[in-house]
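Here is the structure we will look at, set down as structure tokens.
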Amino acid sequence: MFPAWSMADWTLNMTPGVTGTSNEIFSLHMTILWICVVIGVVVFGVMFWSIFAHRKSQGAKPANFHENTLVEILWTIIPFVILVVMAIPATATLVDMYDTSESEVDIKITGYQWKWQYEYINEDFGYFSNLATPRDQIENRQAKGENYLLEVDNHLVIPVGKKIRFLVTANDVIHSWWVPDFGVKKDAIPGFINETWTRVDKPGIYRGQCTELCGKDHGFMPVVVEAVPEEEYNTWVAEKKEAAERERQLTQKDWTMAELMERGEKAYQTACAACHQADGSGAPPAFPALKGSPIATQDMAAHIDIVVNGKSGTAMQAFGNQLSEVDLAAVITYERNAWGNNTGEMVTPKEIFDYKNQQ
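The sequence shown finishes on residue 359 if you use the UniProt record's numbering, and the numbering steps up by one all the way, no holes.
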């Protein structure tokens with residue numbers, strides 16, 4: 001009755017996953033499922049048999065009784081025993097899921113509208129992970145890719161065979177960090193830090209999503225975790241530390257307008273285009289246009305302030321802690337000179353650095 005392609009990814013059960021926790025959850029699910037199946041078969045079997053064997057057409061007479069002490073005792077004890085049998089494995093699984101002690105890698109995860117920030121606490125570096133699906137695919141100008149809406153510019157990289165503790169929070173609204181293959185789903189709540197953990201033994205790329213409705217681009221903040229061998233992970237960490245140090249040093253570089261415009265366009269497409277549109281036209285009234293806007297063509301100080309600190313009571317976020325000084329300077333320079341704004345003005349990373357220190 002349905003085309004074969006519509007059933008291609010259709011399943012009736014949970015995925016077992018790739019971690020010990022996810023497999024425990026799957027086993028618990030199957031145990032409870034079969035207990036419920038047996039209860040259903042017994043209860044409905046007795047009910048249907050009673051209806052059939054004692055039907056009026058066969059001359060059955062209804063019994064007339066009010067109380068039966070034995071029956072009341074049995075229907076109290078039997079459900080209690082069933083609940084105890086179900087509670088024992090469920091409690092063991094929950095205790096294991098919440099045991100974040102003796103972790104070997106600690107990562108802080110912060111949800112933003114609409115991206116994730118990953119901070120490697122023991123390694124003193126971090127970065128943002130943004131949706132990498134091209135806007136042309138989202139707006140149906142291009143064929144959808146294999147991982148449509150499930151690809152990011154920066155994967156969360158973890159070592160296999162190590163216990164990873166995640167500290168999950170949010171910067172603005174409630175999000176939820178979910179990777180089904182890990183059996184991990186934890187709410188990210190502003191002002192609170194929730195803990196969870198995983199240990200992945202099989203290298204690979206695992207995908208998930210935000211699962212808490214968090215605004216208009218809720219469906220555009222995927223999670224991509226890459227599990228790699230320990231040696232490869234250590235090399236990656238060293239490279240990330242070097243890159244972070246180079247980024248800090250770029251603050252002192254003498255930038256040209258062309259360099260800032262090129263970098264600013266990339267930063268704008270990543271951090272700003274979802275709200276203000278790729279062409280700067282915005283989506284009024286929630287997201288005002290930047291093309292020809294006074295904020296992007298007149299007072300430079302006001303422009304810097306709103307990008308760095310945001311605007312209270314509106315959807316404009318503070319990007320001071322989300323973007324580096326270089327990217328802040330680049331995106332402001334880009335906004336002041338793109339789409340015909342052409343102010344000829346540029347902001348340097350050093351100016352952003354000094355502005356932050358004066359606050």
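The beta-carbon is built from N, C-alpha and C at its ideal position, and this holds for glycine as well. If you're wondering where the values come from, they're calculated on a predicted model, not measured in any experiment.
For I35, the number of other beta carbons within 10 angstroms of its own is below 16, and it is reported as exposed. Collapsing the DSSP output to three states places I32 in a helix. Shown here, I164 sits in a strand according to DSSP, grouped into three states.
In the DSSP assignment, Y268 falls within the alpha helix (DSSP H) that extends over M257 to A271. Taking H218 as reference, the option from V225, Q209 and E139 with the minimal CA-CA separation is Q209. Close CB contacts of A60 within its chain, under the 7 Å cut and outside five residues either way in sequence, are with H54 (chain order). In this structure, the CA atom of N337 is about 26 Å from the CA atom of E139. Judged by DSSP in its simplified three-state form, I107 adopts strand. If you look at P294, you'll find it in the alpha helix (DSSP H) that goes P294 to T297. Only residues of its own chain outside the window of five on either side were considered, and among them A330, T333 and M346 have a CB closer than 6 Å to the CB of L260, listed in chain order.
T19 has its alpha-carbon roughly 51 Å from the corresponding atom of A301.
Between the stretch 185-200 and the stretch 93-112, the count of C-beta pairs closer than 8 Å reaches three or more; the two stretches touch. Note that the stretch 112-121 touches the stretch 215-231; at least 3 beta-carbon pairs, one per stretch, sit closer than 8 Å. Considering only G340, E123, A227 and N321, the residue with the shortest C-alpha distance to K356 is N321. The three-state secondary structure of R207, taken from DSSP, is strand. For F125, the enclosing beta strand (DSSP E) covers residues F125 to S129.
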